[in-house]
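Note sheet for the following structure.
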Amino acid sequence: MRALLTRALAVDPVKPTRTGVRTVSEPDCGESHASDGTTGEATGESGGTPVEAEDVDGALAALDGAGLAGYNYAYLDEHTKREVRRAVLKAIAIPGHQVPFASRPMPLARGWGTGGIQTTLSLLGPEDTLKVIDQGSDESVNAANIRRLAERTADVETTTDTTAADVIQTRHRIPEEVLDRDQVLVLQVPVTDPLRKVDPSDAANRRRHAHANYGKMWVHLYENVVEYGEIQVASRYPVTVAGRYLMDPSPIPRWDVPKLNDADNLFLFAAGREARIYAVPPHTDVEPLAFDDRPFQVERFDAPCEACGATDTYRTAVETDEGDRLVVCNDTSFCLKRREDAGLAKDHHLDRDGVDWGPGTPDADDTDQEPATNGGDRT
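Residue numbers (the working numbering): 157 to 535.
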């Protein structure tokens, strides 16, 4: 948090350049002639960067990294990063409130994490370590592309170990291992407003947020109970933050929703397509909407993980090359650790135990709520 405040109020000591523009091949007017007074065309030179290589592969290797020349540190210009940081600070000051920011074009398609990567790049410093996951996996194409962009433009260390990361960018999951107060979790958000399920008008929904008028959402959940006998919302489960704002926690499964409540770390939610940022600061009350006779329930799984044997993690079904269907931990990093140590606790890296971090942790297991039938296949 202290580092975030410092970066929000100070410009990095890097000279800003035009984001996304290669400046190495842009001569000024006086450079159009060679030193002997002849033009490049007259001397037969192409005007490009000469590379000595015996083959194409050698030429590409010689230019490795040259394509980033002219880009600013962490890709974004300093004014953009300061704007994003200030939006983050405002979001922290008003938990759950959607703060607009000027979303910039990124070398990613909108809808694939442009808001998250802008927030991540604005927070990263040279000494930080970054982890990127996509639906629990460190090796998905989207996660690998975002991680590679950060590595090449911000020159930061990356990791697949949740406990070793300073900044974690994620899509649709919160890690199984407990996050501490020095970590920031950036979640990619496709839809920012939970009220859009009940009313497509953003103007009307903004008025509802201003007056805390969430009656239509309660009616929506009641109709869900009437139709199915329980609240059947597999992801994007609506929650109230600090007793005030209704918030969309992004498409995380219900299993992850309790992790938002009274956590040690900072949660940031960023949507590049909708140009909105909102936050859940540390130790903030986050309560999922539910009725007295229909309490909030998480998913239940009938089988343990077939890779590590875990029964206290969120699990998904995968198909092997042979066509077999296996149930495994969705968090691949934690699953690998559990294969080496089956009894590894989710808070093994902390100086205390019994941390309430969603289902499967000691404090959460004391609840009297019965889990729902297997909802893991519905997410």
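Note that CB positions come from ideal geometry on N, CA and C, so glycine has one too.
Treat the numbers as computed from the prediction; the structure is a model and nothing was measured.
Using a 10 Å radius around the Cβ and a threshold of 16 neighbouring Cβ atoms, would you call residue i buried or exposed?
i	result
G479	exposed
E455	buried
V382	exposed
V474	exposed
Y231	buried
E379	exposed
P515	buried
Y384	exposed
R329	buried
T326	buried
E307	exposed
S181	Since pLDDT at S181 reaches only 37, below the 50 mark, its modelled position is unreliable, and the value read off the structure follows with that caveat. By the neighbour-count rule (16 or more Cβ atoms within 10 Å), S181 is not buried but exposed.
W513	buried
F447	exposed
V356	Note on identity: in this sequence residue 356 is Pro, with Val being the wrong assignment. Counting Cβ neighbours within 10 Å, P356 comes out exposed, since fewer than 16 surround it.
G252	buried
T476	exposed
D358	exposed
G531	Model confidence at G531 stands at a pLDDT of 41, short of 50, so the residue's coordinates are unreliable; what they give is reported in the following sentence. The residue in question, G531, is buried, as its Cβ has 16 or more Cβ neighbours within 10 Å.
E210	exposed
Residue i lies in the alpha helix (DSSP H); which residues open and close that run?
i	result
T319	It is not in any alpha helix (DSSP H) - T319 carries neither H nor E in the DSSP assignment.
F425	Run containing F425: none in the alpha helix (DSSP H); it sits in the beta strand (DSSP E), L422 to A427.
R494	T488 to E496
L416	Unbroken run through L416: none, as it is neither H nor E.
L343	First-last for L343: V340 to Q344, but that is the beta strand (DSSP E), not the alpha helix (DSSP H).
W374	G371 to Y384
R329	Run containing R329: none; DSSP gives neither H nor E here.
H365	D358 to H367
Report the option in the options whose CA atom is closest to the CA atom of residue i.
i	options	result
K502	N486, I289, T319 and Y378	T319
P405	V413, A398 and I250	V413
R260	G428, D509 and A463	G428
A463	C485, G399 and D507	C485
I433	T236, F257 and I302	F257
F452	A359, D420, S391 and S489	S391
I302	D487, P350, W268 and N361	W268
A435	G510, D317, K237 and V255	V255
I289	Q344, D449 and Y229	Q344
T270	A299, I387 and G281	A299
A398	R410, A368 and V389	A368
F423	D336, E283 and V312	D336
R481	E496, D338 and C461	C461
Kindly indicate the opening and closing residues of the beta strand (DSSP E) around residue i.
i	result
A473	R471 to E475
Y434	R432 to V436
Y393	Premise fails: Y393 is in no beta strand (DSSP E) and is neither H nor E.
V483	R481 to C485
Y401	Y401 to M403
Could you check whether the Cβ of residue i sits closer than 7 angstroms to any heavy atom belonging to the ligand ZN?
i	result
T309	Summarising the ligand content, the structure contains no ligands, and the ligand ZN is consequently not present.
Using 8 angstroms as the threshold, is the C-beta distance between residue i and residue j below it?
i	j	result
Q274	V297	no
A426	G292	no
V323	V340	yes
L402	Y370	yes
L351	L445	no
K287	T315	yes
V483	A459	yes
V442	V395	yes
R471	I387	no
P346	P409	no
T285	A321	yes
Query - Completely contained alpha helix (DSSP H) runs for the region 220-302, where each covers 4 or more residues - result: Within the region 220-302, the complete alpha helix (DSSP H) runs of at least 4 residues fall at 234-249 and 270-279.
Requested in this report: Note down, one range per segment and in chain order, each alpha helix (DSSP H) of at least 4 residues found wholly within the region 435-466.
Outcome: none
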